[in-house]
């Protein structure tokens, strides 16, 4: 893997990252980088470690080995004297404020109205004044087309609407990096296209760096700058979408794509 | 033994006026202590500090595996020796509240564990401080679900108040005994006590059932 010339060219860097659950090695000395503003899609069979990569970045899991850097800061380790030690919760909270995540199951807070779902993070974690957080929330609801739902409870919304609110909630934190974890997998088929169109719009109009796990190959081909094919915790192939989807170098990629396309 | 209606109507108002308020106070204050302390214990059980978790676990298990009556005696006879002197009712309320706090802690635990893990993950993704996650996300979802279970413990506490008789606090049952001992006739006063407990706990159980319908249960 080629090393970029300076750290400024890199938003995310995985350095020999290992993740084990018990004896099960999910990620095996994984190395890759993502440039600022890049939209990178991770594809591969289930259990290949794609979602684990997102969860490590969001600090929902901790690495078993190796280092992760985000925006020039080390997420997984801190320097203490002349030694690197595993980062504590406080350090991780600081670094992960630059990262947002949208989940498969939306995970909106059902005890809060839509507006509070959007203002909770900016007020409590970024320390924004309430008025500013609410103004930002209204802007984002306009972006996702749900201005009329500002006082609704999440349970009153359809799956597609909930996922739009969840996207707005992640954007309200003004993240440098947005992680998308199979964000359309739990949606009814007729709601998928709308959510994907919204994400494409956001990707095209912001300089957010995206890391996306999806089974929507058309979407992946359409919006990605790069696609990484995973199998058994390792990158099989890393290429621009046209290359990877049309003439993949590896038999494993070909087999996976034909299986997915047959199913779809 | 024959039933004496005159005596029954004679002691009824006395048992109510002497005992009802004490039963009520012991139950309500005991519940307040149990609910608040139970929540604190449930949170300490999840402390990131291992020793805190361990000590809390041991405390809960110890209280749950010893009889309430023994705990009442302990607080009443032993605490004054180390300089903690309370009046008997306060001692009784503390004993009942402490005892049921350990049961309430288990109820809260179940409620907290029933909150989907995705809620924790969303709070992490928004970098919410841990205290804020508990206060604004987890507990508002966990507590409504456990209110019926907590209500059932209040009904149990109501029925345990006669134990306070042993340290000289006269609740409904205590008042009935006193009335009986004055006339050497226990049938009518004890019946009065039974009727009062039945009315109190049945109406409380109706309240709990109404709560269950409103919020659903943990299961």
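Protein chains in written order, with our numbering: chain S, 34 to 297; chain Y, 165 to 383. Note that beta-carbon positions come from the ideal geometry of N, C-alpha and C, so glycine has one too. Just so it is clear, the structure is predicted and the values come from calculations on it, not from any experiment.
| Check | Outcome |
| --- | --- |
| Can you confirm whether residue 157(S), when its beta carbon is compared against all beta carbons of chain Y, has any partner nearer than 8 Å? | yes |
| If you follow the beta strand (DSSP E) that residue 252(S) is part of, which residue opens it and which one closes it? | Taken as a continuous stretch (DSSP letters only), residue 252(S) belongs to no beta strand (DSSP E), being part of the alpha helix (DSSP H) at 250 to 256. |
| Quick check: the region 40 to 58 of chain S against the region 85 to 104 of chain S, are there 3 or more CB pairs under 8 Å? | yes |
| For the region 271 to 302 of chain Y, list the alpha helix (DSSP H) runs that are entirely contained and at least 4 residues long, ordered along the chain. | 281 to 289 |
| Taking Cβ positions only, does residue 136(S) come closer than 8 Å to chain Y? | yes |
| Which word fits residue 43(S), buried or exposed, when buried means at least 16 other C-beta atoms lie within 10 angstroms of its C-beta? | buried |
| For residue 138(S), name the three-state secondary structure that DSSP assigns. | coil |
| Give the straight-line distance between the Cα atoms of residue 326(Y) and residue 227(Y), rounded to the nearest whole angstrom. | 19 Å |
| Name the two residues that bound the continuous alpha helix (DSSP H) containing residue 237(Y). | 232 to 237 |
| Verify the CB distance criterion: does residue 250(S) have a CB-CB separation below 8 Å to chain Y? | no |
| When the Cα atoms are used, what is the spatial distance from residue 232(Y) to residue 287(Y)? | 40 Å |
| On the CB-based measure, 16 or more other CB atoms within 10 Å of its CB, does residue 249(Y) come out buried or exposed? | exposed |
| If we call anything under 8 Å between Cβ atoms a contact, is residue 240(Y) one with residue 252(Y)? | yes |
| Over the uninterrupted alpha helix (DSSP H) stretch that includes residue 238(S), give me the two end residues. | 222 to 238 |
| Straight-line CA distance for residue 290(S) to residue 254(S)? | 12 Å |
| Which residues does DSSP pair with residue 119(S) in a beta bridge? | 110(S) |
| Note down, in chain order, each residue of its chain lying with its Cβ closer than 7 Å to the Cβ of residue 208(S), except the 5 sequence neighbours on either side. | 131, 132, 133, 241 |
| Determine the direct distance from the alpha carbon of residue 331(Y) to that of residue 324(Y), and round the result to whole angstroms. | 13 Å |
| For residue 45(S) and residue 219(Y), I'd like the C-alpha separation in whole angstroms. | 42 Å |
| Distance, Cα to Cα, residue 211(S) vs residue 287(S)? | 28 Å |
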